[in-house]
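Okay, structure first, notes after.
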Amino acid sequence: MTTATVVVRPEGSDVRIAIGGEVDLENATTVEEQLAAAIPNETNAVTLELAELEYLDSAGLRVLFALAARLEVLQIALRVDVPPGSHTRRVLQLSGFEGLASLEG
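For any residue, its number in my numbering is found by taking its place in the sequence shown, counting from 1, and adding 125.
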C-alpha cells in the first residue's frame, strides 16, 4: 500500500500545499480530492511543495495536470517548488508540465 501526505497551509489569500510520499494509481483519487478541498475559489495563488515527494507515476501526474487546469479556469496562479535534480522535477519536465506552472527550487 502506498501512502501520500498532503499538508495544507493557508497564508492569507494564498495556499501552500506540501505533498510527500508516493502518488500513484492506488491513491491518486484521494490526493486529488484533498487538493480540491484545500483550495477555495477565492485563492490568489497556490504553491505546491514537492521536496518530500518520492514517487509520481502517470496517475499522479494526471492529478497535477488536472489541478493546473482547474486553477487556470479559476485564474489562480500556480507555482511548484521542486528540488533541482530530483526525480519529481525530471518527471514534470519530461511531461511538459513546465508549460503550465513555473518550477522553482
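All C-beta atoms, glycine included, are put in the ideal place defined by N, C-alpha and C.
*asked:* Quick check for students: name the residue ranges of the alpha helix (DSSP H) that lie wholly in the segment 141–220, counting only runs of 4 or more.
replied: 153–163, 183–199, 212–220
*Kindly indicate which residue of Val-207, Ala-202, Leu-217 has the alpha-carbon position closest to the one of Ser-138.*
Ala-202
_Tell me which residue opens and which closes the beta strand (DSSP E) that Ser-227 is part of._
227–229
*C-alpha distance - Leu-219 paired with Ala-184, whole-angstrom precision*: 15 Å
*Where does Asn-152 land, buried or exposed, given buried means 16+ other C-beta within 10 angstroms?*
buried
*asked:* Which residues does DSSP list as the beta-bridge partners of Glu-136?
replied: Asp-139
*asked:* Buried or exposed, going by whether 16 or more other CB atoms sit within 10 Å of the CB of Ala-193?
replied: buried
_Among Ala-170, Tyr-180, Leu-196, nearest to Ile-144 - alpha-carbon criterion_ = Tyr-180
*Do you know how far the Cα of Glu-174 is from the Cα of Leu-228?*
10 Å
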